[in-house]
Structures are given as structure tokens and as C-alpha cells.
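My numbering puts the first residue of the sequence shown at 4, with every later residue one more than the last. All C-beta atoms in this analysis are idealised placements derived from N, C-alpha and C, irrespective of residue type, glycine included. These numbers come from a predicted model, not from an experiment.
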Amino acid sequence: MKQRIYARMLSAVWHALSSLPLRWLYLFSDILLFPITFHVVRYRRKLVFRQLKESFPEKSLMERLKIERQYYRFFCDYIVETIKLRNMDPARVARHVEWVGLDALQERMRLQDHYFAFVYIGHLGNWEWLASFPAFLEKDFVGAQIYHPLRNRDVDRMFLDMRSRFGGECIPMKETLRHILGLRKQGKRQVVGFIADQSPKWESMHQWCTFLHHETSFFIGTEKLGKQLGAEIYYLHVTRPRRGYYRAEVRFVTDATKDIPDYQLTDTYARLLEQDIRTTPHLWLWTHKRWKRTKEEWERRRRKG
Numbered sequence: 004m005k006q007r008i009y010a011r012m013l014s015a016v017w018h019a020l021s022s023l024p025l026r027w028l029y030l031f032s033d034i035l036l037f038p039i040t041f042h043v044v045r046y047r048r049k050l051v052f053r054q055l056k057e058s059f060p061e062k063s064l065m066e067r068l069k070i071e072r073q074y075y076r077f078f079c080d081y082i083v084e085t086i087k088l089r090n091m092d093p094a095r096v097a098r099h100v101e102w103v104g105l106d107a108l109q110e111r112m113r114l115q116d117h118y119f120a121f122v123y124i125g126h127l128g129n130w131e132w133l134a135s136f137p138a139f140l141e142k143d144f145v146g147a148q149i150y151h152p153l154r155n156r157d158v159d160r161m162f163l164d165m166r167s168r169f170g171g172e173c174i175p176m177k178e179t180l181r182h183i184l185g186l187r188k189q190g191k192r193q194v195v196g197f198i199a200d201q202s203p204k205w206e207s208m209h210q211w212c213t214f215l216h217h218e219t220s221f222f223i224g225t226e227k228l229g230k231q232l233g234a235e236i237y238y239l240h241v242t243r244p245r246r247g248y249y250r251a252e253v254r255f256v257t258d259a260t261k262d263i264p265d266y267q268l269t270d271t272y273a274r275l276l277e278q279d280i281r282t283t284p285h286l287w288l289w290t291h292k293r294w295k296r297t298k299e300e301w302e303r304r305r306r307k308g
């Protein structure tokens, strides 16, 4: 009951704030949200400081402190941008997100007679705004995104309602294969986004690579399903030319998934994402505890049982 009351209160506040002009929300981000988050609450600042230090040992302390401050300013912008998304239609989103390569992706799928295109996405930029991509596909294509359901079902429903406004399918991770095969039976060509840079649980770890000076494990579901279904693989390169505007370029990686050695696609994704993070480090989600599970502990658990 308490969770439901909390969700309803959050929904009411979210709805009220989303009706405000974006420039007002950015002003709120600057004069209230950032000072509280950065200076007063100091939300996960020790974690961010440590992860930046470990990820960029070649940078000076002043350089890392600058990135940290830039990150928190962006993080607060991400919050107000996500609030605003609830009140944005596809035409409004199109003025703020420039999509590059979606037309070429769809043309390639038709020419090759392929039914699946999997797009690797990272927590770089505002991934909630990027989830609007189904609105910009042609009518004979279905856009979908794989997601982790939230513990609070009411809050989870709020996010699903917001994301589904753009015509996309929101697929829980555990239902991915069944869901996309169901769409395939209907003759639908599918463009599916996979945000794959979270920290997997122990049982979902299979491979490790060096990523930002850490031994890092990634979800391998994208390449596993891609190999199984013969999907085309793409990577989403995201930049933020200026405040409130994003450029999302869909870059082709391969359509020969079945011929590529295991884990090589995941390693390629890690390398591409790392390049983007090094270019614009403040746009990645540093408040996520990315390296809370270590390779040493994983190996110990494997030996034990």
C-alpha cells in the first residue's frame, strides 16, 4: 500500500513538472537539483570519485574533478529531461534527437531480407530519449527495447507507459526470445535495442574483458540471440552537441554473427563504448556501481561450486 501511495504521488508530481517548458526545467536543474545532489546530499560522490580515478589513472586530479562536476550537472539534466519526456510527442522529440543511420538500417534489412537488427546501446547520454526510436521507423518495422522490470510495479508501469508512447515494444529481459519470435511469426521486421553495459549477476557472467582499466563482465544476451537468429548487429554512437540536443548514429557492425567467435561481439561493443566514454566521459552513468563484482570473486565461486 505504501509503495502504491508513493507511486501515485510520484506520478502526480511527474505529470505536473512535465508540463513545464524545458528551459524552466533546466533552470530547476541548475539552481536547485544540482546544488542539492552535488553539495548537500553528495549522492554517491565517493563512488563516482573512486570509479573515475580507477578508470582514468592517466588524468590529473583536477581533470577528474572537472569530469565529476560535469557528470553531476549532466545527471541532473538527465533527470529533468526524463521528466519532460512524459509530455513530449514524437514531433517534439525529433527536434531534440537527430537520428543518423536508421534509414540505411531499414534499407539494408530489406535488401538482405533480414528480420532482426540488434542495436547495442550504453548508458551514455539520455537513453530514455533514445528509447523513442520506434516512432521514427517505417510502418513495416517494429521497434523494441529490452529492459529490467523495476521492483516497484507501479513505478515500473509509469516508465513503461512513458516508453510505449512512441510505439515501441518493451520486452522484459527474461521474455526476450519468446517475444521477438512471436513478432517474427507475424512477419514483422524488428529493430531491438539492448542496453548491455550494466553489471551482470554472478550467474549471468561468462566472459571478461579490459574496460576502462577494469576487468569487466558484460551481458552476452545480445550476441547469443544474434547468433541464434542471424541478426544484424549495430552500435549506437551518441553525442550531445549542446544542452537538450542529442545525435544518435546507428553504426553497422556485422551481419555475419554466426561466423564470429564467441564473445567477440561483446568485446567489440565494450571497445566501442569505451571509445565514446573516453571522448565524453561526463555522459556515462558513473553513479552505477559498475565494478561491484570482481573477476577474482567470480573465479573463486566457480572453483567452489
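If you check the CB distance, R293 and S207 do not come in under 8 Å. Sixteen is the threshold: when 16 or more other Cβ atoms of the shown chains lie within 10 Å of the Cβ of M112, as they do, the residue is buried. Annotated three-state conformation of R156 is helix, per DSSP. Of the residues L23, H126, R187, the one whose Cα lies closest to the Cα of T242 is H126. For W211, there is no enclosing alpha helix (DSSP H); the enclosing beta strand (DSSP E) has its first and last residue at 211-214. Of all alpha-carbon atoms in K177, D106, L28, A134, the one lying nearest the alpha-carbon of D164 is that of A134. Of all alpha-carbon atoms in A19, V51, H151, A15, the one lying nearest the alpha-carbon of T290 is that of V51. Inter-residue distance for Y238 and Y272 is about 7 Å (C-alpha atoms, whole angstroms). Our two residues, D270 and V253, have alpha carbons roughly 18 Å apart in a direct line. If one requires a minimum length of 4 residues, the alpha helix (DSSP H) runs lying completely within the stretch 4-38 are 5-21, 25-31, in chain order. Listed in chain order, the beta strand (DSSP E) elements of length 3 or more contained wholly in the stretch 135-208 are 144-150, 172-175, 192-198. Of the residues R11, A19, E57, the one whose Cα lies closest to the Cα of T219 is E57. Looking from the CA of K230, the closest CA among K49, C79, F119 belongs to F119.
The beta-carbon distance between D80 and R250, rounded to whole angstroms, is 16 Å. This is too long to meet the 8 Å contact definition. 8 Å or more divides the Cβ of L140 from the Cβ of V195.
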